[in-house]
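Engineer: Residue numbers (the working numbering), protein chains in the order written: chain A, -8 to 505; chain B, 165 to 509.
Note that the Cβ used here is the ideal one computed from N, Cα and C, for glycine as well.
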Amino acid sequence: MTVDFPGVRALDRVSLSFRPREIHAVIGENGAGKSTLMKVLSGVQQPSAGDLRCDNRVVRFRQPQEAIAHGVSMVHQELHLVEALSVAENIFLGREVTRGRLGIRLDRRAMHARAAEFLSMLGAEIDPRASARDLSIADAQFVEIAKCLASDARVLIFDEPTAVLGEREATRLLALLRRLRDEGRAVVFISHHLEEVVDHANRVSVLRDGRLVAEFERYDGVLRCKEGKPSRESALAQAMVGRALGDLYPTRERCAHEHSRIALEDFGARGRSAGISLSVAEGEIVGIAGLVGSGRTETMEAIVGLRPSMGRVRVDGTVVQFRSPRDAMRCGVAYISEDRKGRGLHVSLSSTVNCTLPTLDRFASAMGASIATKRERVTTERWIHELGIRCARLDAPISSLSGGNQQKFAIARWLEGTPNVLIVDEPTRGVDVGAKAEVYRVIAQLADAGMACIVVSSELPELRGLCDRVIVLRQGMVVGELARARLMLPDAEEQLIRLASGLSETKAGACEVS
Amino acid sequence: MRSLVNSSSTPLAASSRIGRLFERWGVLVAFLLLFAASTALQGGEFASVENFRNMLNQNASIGILAVGMTLVVISGGIDLSVGSMLVLAAALGLTLTNELIAREWSEGSAVALGICASVLCGTLAGSINGALIVFGRLAPFIATLGGLVAFRSVALAMADAGEIRSASASLFKVLGQSGLPFWNFQNSAGKPLTITYATMMFLAIAVIAQWFLSRSRYGRQLVAVGANETAARYAGVSVASVRLRTYIIMGALAAIAGLLQSSRMNSVSTSQLGLGIELDAIAAVVIGGTSLRGGFGRVWGTVVGVLILGMIANMITISGISPYWSGAVKGAVIVLAVLVQRSRA
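Structural data, given as structure tokens:
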């Protein structure tokens, strides 16, 4: 099967073909044109020139349904399940199986049976009768894939499938991708995880500024570029950014951390975590690891008053209890949410509005009746300069920026309040390699300037590269702590996974459990 | 099996720019066209300044409601109870005024106290709505549906569903009936053209509201709450306070609108005043380009929306078409306005 396609505004004369029995990874920085490409493929957007071929016939997808009818299905990054319906009903949504001559009576039994068939084909243990509302993100993704199979998809397109998954779920999903490939389907996936790409893709296409800049192909089990040299992650990254990347993680001078900025004592988010004791000193970066659902995010949200909490929080020695992020901000504690689109930013509002919202009081005069808009602009421009944000128009909706640049604004808006404690949840989710390095550099600089930083992350290399020590949470409890020296050992990631998934209690005991 | 297809950027940008311009200024264009048509219909010599003045005067009180409704809609809510708050506040204010005059207070202080009581009543009704929505976690539609039914019922009970006539012979009606001369313009009878106090209040309230919306901390937070409540909460905005304030402002504005209407008639008909006015207010907001989903809106658009609705009613009366048709035309205009203005994503 060949799908050729062409120049949309964001894509300039790109030609690619996706073949059966292949996992084809499409990588590129944010804004490189990956999303546009996927939109064209799935029928959301039309190419302005050039054509799309399916089995060597020119086709036009005016709507997603037409793409699906041709066997091209997309699994979106944001899942689109109807929560009120059951798993089986979701899988057959729009293709309901009916019985009787009129074709209006739903054949529930047949749908459940076939849904169960698809799900077991995927190796997922999900009850087709369960409500979609109760699914975990990973399970919901499996249901999405089952939906594609139900529509007899021959080309499956995944948009950052592992971004929302924990390490273990991601492994399961990647195994599934391989299986789908082996069944003869063409699997296309977009990813920011280069490791994943190197390990699983048969073919890699690198986009940059809407052009196809490099292609890699796997033979003899090794990913090679056109000249046949074997390629590792660094080569991919280099092709993406168009320049050699410096070290992804900044080097920091690590000094003794004495003055405790924030301390949790027997702390927990009610119902989600408990008994967490942790102290973060001036200039220290402490990582929080754990699987999805381990209560990491909930605990952090409880600190700043977004959820009901238990236990005590001390900031600079005084016991505090924040009722809202605003309260926390006054005491110099800032929390940057993992969910940039839903919680961290107002995507429909402008960069300036987003940049100044948490500190709006500083720009208001006459009891809030007047906002100094000029000063707001100056401040926004200062952050654009300081963090190297690429932003053409300050008054355009922030959704027009790439993920990396949005993330920098999400950080900037809180730095504007000059916090002493910065809690960052998934600082580089959905952020390209180039911007990742810059985000790390910013966090390191802040710590060097004396800020206490807590970094929650699912990316283990990130925790290793950035943090002074890492706390591991599992089911809402601290199950281990890895100090800097331990993090430097080559098996640190494995150790983190073991702790997080509760694989070996004995081994956990061996490494500095606090 | 690969084909290379040559292409570069598209002419799409130009057409979308016109689309965006239309999205922004379309209401104004529609208004000017309607205004021209209206003037033509009513005869060439019909002074357009006087035409305009009359329209503003007739629509001042619904305009004030619509301005408040704009804020409510931007916050992501809706207020169905405005007509009932309006009649309740007006009835209460007038009853108090009459009572004081009966006790031989001076007319001035009786009217002043009545007005204060009226606005206070509106504020209170608005805070009940707000409290139900913020603390009771009711959907705005439900909470204010309750208000729509309940507030009018209180007003009806106060006057046995009848009319409350003002005992203030000259002072109370000044608000809705008198005004100040407008430069040297004269009306068709050759007398100086006056701008009524009601019109002035409408315009002043609109200007202040537009300022607050685009330039104040409250306005900024209002838009943030409407656009994404969760994100606003995460950014440290006090969502409860913003929403509460919005419904309170709405209540106070409804009371002012009620005062202007009752002052114009110098009486309050508890079964008629403000009946169904909430739908007109919401229609004006929507025509003005404010998104019913919240998070985006503009007061000036609402003002234009009010005038468009007023003009349609005006044209239908004058052209001799049965007034029963006015609903059909209004309905078509509302739907058309939304169709034209919805953003082409």
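1) Can you name the residues of chain A whose CB is closer than 7 Å to the CB of Asn392/B?
2) Could you confirm whether any beta carbon from chain B is found closer than 8 Å to the beta carbon of Arg460/A?
3) Measuring CB to CB, does Phe329/A end up less than 8 Å from Arg420/A?
4) Once DSSP output is grouped into helix, strand and coil, what is the label at His67/A?
5) Which residue spans inside the stretch 203 to 242 of chain B form an unbroken alpha helix (DSSP H) run of at least 4?
6) Can you look up Leu176/B in the DSSP assignment and give me helix, strand or coil?
7) From the DSSP output, in three-state form, read off Thr358/B for me.
8) Name, in chain order, the residues that DSSP records as bridge partners for Pro388/A.
9) To the nearest angstrom, report how far apart Thr347/A and Arg329/B are at their CA atoms.
10) Going by other Cβ atoms of all chains shown within 10 Å of its Cβ, with 16 needed for buried, is Gly452/B buried or exposed?
11) Is Tyr398/B close to chain A, meaning its C-beta is less than 8 Å from at least one C-beta of that chain?
12) Does Ala141/A come within less than 8 Å of chain B when only Cβ atoms are used?
13) For Arg366/A, which residues in the same chain have their Cβ closer than 8 Å to its Cβ, ignoring the five residues on either side in sequence?
14) Can you have a look at Ala319/A and say buried or exposed, based on whether 16 or more other CB atoms are within 10 angstroms of its CB?
15) Could you tell me which residues DSSP pairs with Ala280/A in its beta bridges?
16) Compare the C-beta of Pro316/A against all C-beta atoms of chain B and say whether one is closer than 8 Å.
17) Determine the burial state of Gly340/B: buried for a count of at least 16 other Cβ atoms within 10 Å of its Cβ, exposed for fewer.
18) For a test of the three-state rule: what should DSSP assign to Asp423/A, helix, strand or coil?
19) Along the stretch 456 to 475 of chain B, where does the CB come closer than 8 Å to a CB of chain A? Name the residues.
20) Under three-state DSSP, which class holds Gln397/A?
21) On the criterion of 16 or more Cβ atoms from any shown chain inside 10 Å, does Tyr210/A qualify as buried, or is it exposed?
22) Is Leu288/B helix, strand or coil by DSSP?
23) Please list, in chain order, the chain B residues whose beta carbon lies closer than 7 Å to that of Arg334/A.
24) When the Cα atoms are used, what is the spatial distance from Glu344/A to Arg384/B?
25) Are the beta-carbon atoms of Asp444/B and Ile226/B separated by less than 8 Å?
26) Just checking, does the stretch 372 to 380 of chain A make contact with the stretch 389 to 400 of chain A on the three C-beta pairs under 8 Å criterion?
27) Report the partner residues of Pro345/B according to the DSSP bridge assignment.
28) What does the Cβ neighbour count give for Arg404/A, buried or exposed, with the cut at 16 atoms within 10 Å?
29) Could you tell me which chain A residues have their CB closer than 7 Å to the CB of Val502/B, listed as they occur along the chain?
30) Note down the Cα distance separating Gly491/B from Tyr382/B, rounded to an integer number of angstroms.
31) Would a check of beta-carbon distances place Val387/B closer than 8 Å to chain A?
32) For Ile476/B and Asn396/A, I'd like the C-alpha separation in whole angstroms.
33) Select from Pro11/A, Arg432/A, Leu28/A, Ala440/A the residue whose C-alpha is nearest the C-alpha of Ala196/A.
34) Is Tyr382/B close to chain A, meaning its C-beta is less than 8 Å from at least one C-beta of that chain?
35) Name the chain B residues that come within less than 9 Å of Ala360/A, Cβ to Cβ?
36) Which whole runs of the alpha helix (DSSP H) in the stretch 77 to 112 of chain A are 4 residues long or more, in chain order?
Structural biologist: Checking against the coordinates, here is how it stands:
1) His337
2) Taking Cβ atoms only, chain B never reaches closer than 8 Å to Arg460/A, which makes this a no.
3) The identity of residue 329/A in the sequence shown is Glu, whereas the question assumes Phe. Using a Cβ distance threshold of 8 Å, Glu329/A and Arg420/A count as a contacting pair.
4) coil
5) 212 to 238
6) Legend: pLDDT at Leu176/B = 39, less than 50; position of this residue unreliable, value from coordinates given subsequently. Helix, per DSSP.
7) DSSP places Thr358/B in strand when its eight states are reduced to three.
8) Looking at the DSSP assignment, Pro388/A forms a beta bridge with Ser341/A.
9) 52 Å
10) Burial call: buried.
11) yes
12) Not an interface residue.
13) Phe354
14) buried
15) Val463/A
16) With 8 Å as the cut-off, Pro316/A counts as an interface residue toward chain B.
17) buried
18) Residue state, collapsed to three classes: coil.
19) Hits within the stretch, in order: Gly459, Phe460.
20) helix
21) exposed
22) helix
23) Thr394, Ala395, Tyr398
24) Inspection of the sequence shows that residue 344/A is occupied by Val rather than by Glu. Each residue's Cα considered, the two are about 8 Å apart.
25) yes
26) yes
27) Thr358/B
28) buried
29) None at all; the shortest Cβ gap to chain A is about 18 Å.
30) 36 Å
31) yes
32) 48 Å
33) It is Ser, not Ala, that sits at residue 196/A in the sequence shown. Residue Leu28/A is the option with its Cα nearest to Ser196/A.
34) yes
35) Neighbours of Ala360/A on chain B, chain order: Trp375, Phe376, Arg379, Ser380, Arg381, Tyr382.
36) 78 to 82, 99 to 112
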